[in-house]
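Numbering (numbering that gives the first Met the number 0), first residue to last: 0 to 241. Presented below is the structure to which this report refers.
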Amino acid sequence: MDLDSVLIDLLSDRIVAELKTRTRRGLLLFAETDLGLAPALASVDALRQAGWSFDWAAASEMRGTVAEAMGGAETARLGRPALVVVPTLSLTLAAKVACGIADDPLSALMAEALDRGLRIVAARDGVCPAARERVARGLVPRAEARRALMRGYLEALAAQGVELCWAERLDRAVGAPTPVRAAFAPRPVSAPPGPPVQRAGVFGWQQARTFPEDQLRLGRAVRVTPLAADILSARGIRLTRE
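Quick look at the structure:
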């Protein structure tokens with residue numbers, strides 16, 4: 000084998016290795032919320048163990064916690080990675096990006112990623128009014144208008160191509176071979192609607208969280224609580240009446 004062939008082989012190996020590294024490199028953006036933080040960090044750790052490497056940027060309130068978890072200093076740049084992951088999406092960040100505002104480092108990085116057509120995966124725990132941790136901590140807004148506002152921001156992000164998931168499933172969403180279904184896209188109805196699941200009384204959030212089908216049929220006399228309606232919407236379950 001001549002010298003030219005050896006050099007070509009070496010260069011080819013280095014190019015292939017570099018391409019593999021780029022496909023498993025991303026940028027993490029931690030906004031100013033701790034809702035879903037623990038499962039989000041667990042998902043990030045699972046991705047790192049699977050061979051992913053990340054640069055990261057965080058809101059000032061989160062920087063110390065994230066630096067300890069990541070074992071390194073903040074490296075806020077959007078250069079080489081083809082993937083942006085938002086483990087803790089806050090309501091403020093969601094609102095800014097949904098409305099096209101980029102007046103701080105995190106919103107500017109997300110806006111640039113959208114403009115460049117990069118893949119963005121975000122955990123919706125900090126924004127969704129029906130998120131498990133928000134419910135457990137009593138942080139669900141009482142006003143329907145505010146809950147609708149929160150859902151609207153998530154819908155706007157999904158419409159722009161942001162893939163939304165729960166923090167505990169972040170690693171699986173990132174590793175999915177094809178983009179995951181948008182959080183608010185309607186599920187296909189698999190069968191004609193059957194008899195109502197319930198004909199009277201109240202349909203609450205616990206029932207909404209555990210309902211197993213993609214379509215819920217209720218009697219006209221059933222009152223669906225606002226939180227149950229939020230959960231059904233977040234899960235993509237279609238509600239019909241008798």
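Think of the CB as a built atom: it goes at the ideal place given N, C-alpha and C, for glycine as much as any other residue. Bear in mind the structure is a predicted one, so any value in this text is a computation, not a measurement.
| message | I'd like to check one pair, A107 with A101: are the Cβ atoms closer than 8 Å? | response | Yes, the Cβ-Cβ distance between A101 and A107 is below 8 Å.
| Whole-Å CB distance - A207 paired with V221, under 8 Å assumed | Actually they do not touch by this definition, with Cβ atoms about 12 Å apart.
| said: Between the alpha carbons of E162 and V134, how many angstroms are there, rounded? | reply: 23 Å
| query | Can you list, in chain order, the residues of its chain whose CB lies under 7 Å from that of L105, leaving out five sequence neighbours each side? | reply | L28, A30, A56, A58, L92
| request: Please state whether DSSP places P194 in a helix, a strand or coil. | output: coil
| task | Note down the Cα distance separating M69 from E241, rounded to an integer number of angstroms. | result | 52 Å
| task | Identify, in the order they occur along the chain, each residue of the same chain with its Cβ nearer than 6 Å to the Cβ of V201, setting aside the five sequence neighbours on each side. | result | For V201, the CB contacts under 6 Å within the same chain, skipping 5 residues up- and downstream, are R222 in chain order.
| field | Candidates A81, M61, L82: closest to A72 by CA position | value | M61
| Straight-line gap, P187 to L153 (C-alpha atoms, nearest Å) | Residue placement at P187 is poorly supported in this model, since its pLDDT is 48, which falls under 50; the coordinates are not used for a value here.
| Rounded straight-line distance, which links the Cα of I119 to that of R219 | 40 Å
| field | Per DSSP, cross-strand counterpart(s) of S52 | value | S52 pairs with R24.
| When every heavy atom of the ligand ATP is checked, does at least one fall within less than 7 Å of the C-beta of K95? | The ligand ATP is not among the ligands present in this structure, which contains no ligands whatsoever.
| query | Given a threshold of 16 other Cβ atoms within 10 Å of its Cβ, counted over all protein chains shown, does A227 qualify as buried or as exposed? | reply | buried
| task | Can you grab the Cα-Cα spacing for the pair R171 / A158, in whole Å? | result | 21 Å
| Just how far apart, CA to CA, sit T64 and E167? | 18 Å
| query | What separation, rounded to the nearest whole angstrom, lies between the Cα atoms of D124 and A97? | reply | 16 Å
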